[in-house]
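In our numbering, the protein residues as written are 232 to 514.
Listed below in C-alpha cells is the structure:
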C-alpha cells in the first residue's frame with residue numbers, strides 16, 4: 232500500500248498540469264482507482280437513499296421491459312394498403328368497397344388470415360360449403376383485424392409513448408442525478424484522503440475543501456432522492472396500465488361478439504358439408 236501511495240503521489244506531482252485541466256474528473260478517477268484496490272475509506276450513502284434507489288431501479292427496469300415487450304403493438308409493423316389488396320376480390324363478389332387509393336394501413340395477423348381465406352374462397356366457389364365458410368370467416372376476420380389495428384393504435388398512443396417519454400425525461404434526469412451523486416461521493420472521499428495526508432500548512436485549506444465537498448455531496452443526494460421519488464411516485468405507470476387494460480377489454484369484447492355471430496353460421500355450414508359428404512360417400 233505504501234508503494235501505491237508513493238505511486239499516486241508521483242502521478243499527482245508529475246501530472247499537475249493535466250490535473251488542473253481535467254479538474255474534478257481526475258480526482259474522481261484517482262479515487263476510483265484507490266477504492267478498487269481496497270485502500271480507501273468510502274463514504275456510505277444514506278440508507279433512505281439506498282432504499283429509494285432500489286425502488287427506483289425496480290420501476291425503471293419494469294418500464295424498460297414493458298416498452299420492449301409491447302413492441303408487438305407498435306405501428307412500426309409492416310404497412311400494407313388493406314383496401315388495395317382486397318378491392319379486386321370483393322368487387323368481383325359484388326361487395327362495396329372503399330376507394331382503393333385510400334391511406335396505407337397496418338396489416339395485422341387477422342388481416343393476413345382474412346385475406347388468405349377470402350382469396351381461397353373464390354376459386355373454391357361460394358356455392359360450395361368450404362368456399363362459403365372461408366368467405367364468411369375471411370370477412371369476419373378482416374373486421375377483427377380492424378379492431379386489432381384500433382387496439383394497437385390505442386396502446387401505442389396511450390401506453391408505449393408515455394412510458395417511452397418517461398424513460399427519456401424523468402428517468403433520464405434521475406439517471407444523471409445518480410451519476411452526479413457518485414461523482415460527488417468520489418470527490419468527497421478524495422478530499423478526505425487528501426486531508427489525512429496534508430501537512431500542517433495545508434490542513435486548513437484542505438479542510439475547507441472537504442467541507443465544500445460535503446455540502447456538494449449532501450446537495451447531490453437530496454436532488455437525487457427528489458428526482459427518483461418523482462419517478463417512483465408518478466401516476467403515469469398506473470395510468471398506462473389502465474389504458475392497456477381498457478384497450479384489451481374493448482378489443483376482446485367486440486372481437487368475441489363478431490366471432491359469436493360467425494360460430495353458428497360455420498356450424499350450420501359444417502352440418503351441410505357432413506350431409507353432402509355422407510350422401511356422396513355412403514358407408
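C-beta: ideal position from N, C-alpha, C; glycine also.
Since the model is a prediction, treat every value here as computed from it, not as a measurement.
With 16 other Cβ atoms within 10 Å as the buried cut-off, status of residue i
i: residue 228; result: Outside the shown range of the chain, which is 232 to 514, sits residue 228, and nothing can be said about it.
i: residue 281; result: exposed
i: residue 341; result: buried
i: residue 503; result: exposed
i: residue 418; result: buried
i: residue 394; result: buried
i: residue 444; result: buried
i: residue 323; result: Since pLDDT at residue 323 reaches only 49, below the 50 mark, its modelled position is unreliable, and the value read off the structure follows with that caveat. By the neighbour-count rule (16 or more Cβ atoms within 10 Å), residue 323 is not buried but exposed.
i: residue 507; result: exposed
i: residue 346; result: buried
i: residue 403; result: exposed
i: residue 431; result: exposed
i: residue 428; result: exposed
Reduced DSSP category for residue i - H, G, I as helix; E, B as strand; rest coil
i: residue 273; result: coil
i: residue 501; result: helix
i: residue 507; result: helix
CA-to-CA distance, residue j to residue i, given in whole angstroms
i: residue 369; j: residue 471; result: 33 Å
i: residue 509; j: residue 352; result: 23 Å
i: residue 477; j: residue 385; result: 9 Å
i: residue 500; j: residue 359; result: 9 Å
i: residue 312; j: residue 361; result: Note that residue 312 scores a pLDDT of 43, beneath 50, so its modelled location is shaky and nothing firm can be said.
i: residue 379; j: residue 339; result: 7 Å
i: residue 274; j: residue 390; result: 40 Å
i: residue 387; j: residue 283; result: 30 Å
i: residue 372; j: residue 297; result: 28 Å
i: residue 474; j: residue 497; result: 34 Å
i: residue 423; j: residue 416; result: 11 Å
i: residue 488; j: residue 409; result: 51 Å
i: residue 522; j: residue 295; result: Because the chain is modelled from 232 through 514, residue 522 falls outside the range shown and cannot be assessed.
i: residue 511; j: residue 495; result: 24 Å
i: residue 292; j: residue 453; result: 23 Å
i: residue 550; j: residue 412; result: This structure gives no information on residue 550, because the portion of the chain shown stretches from 232 to 514.
i: residue 349; j: residue 485; result: 21 Å
i: residue 405; j: residue 469; result: 19 Å
i: residue 357; j: residue 365; result: 9 Å
i: residue 355; j: residue 337; result: 28 Å
i: residue 278; j: residue 434; result: 31 Å
Below-9 Å beta-carbon distance, residue i vs any chain C residue
i: residue 433; result: Among the chains of the structure shown, chain C does not appear; only one protein chain is present.
Any alpha helix (DSSP H) of 4 or more consecutive residues that is wholly inside the region 429 to 489: Scanning the region 429 to 489 from its first residue to its last, the whole alpha helix (DSSP H) runs of 4-plus residues come out as 434 to 463.
Segment contact, 8 Å Cβ cut-off, at least three pairs: the region 436 to 447 with the region 391 to 408: no
Across the region 439 to 459 and the region 274 to 288, are there enough close Cβ pairs to call them in contact, namely three or more that are closer than 8 Å? yes
My parser needs the alpha helix (DSSP H) runs of 4 or more residues fully inside the region 360 to 387; what are they? As far as the region 360 to 387 is concerned, its whole alpha helix (DSSP H) runs of at least 4 residues are 360 to 386.
Taking the runs of the alpha helix (DSSP H) that are 4 residues or longer, which of them lie wholly in the region 399 to 425? none
Secondary structure, alpha helix (DSSP H): runs of 4+ residues fully inside the region 275 to 302: 278 to 300
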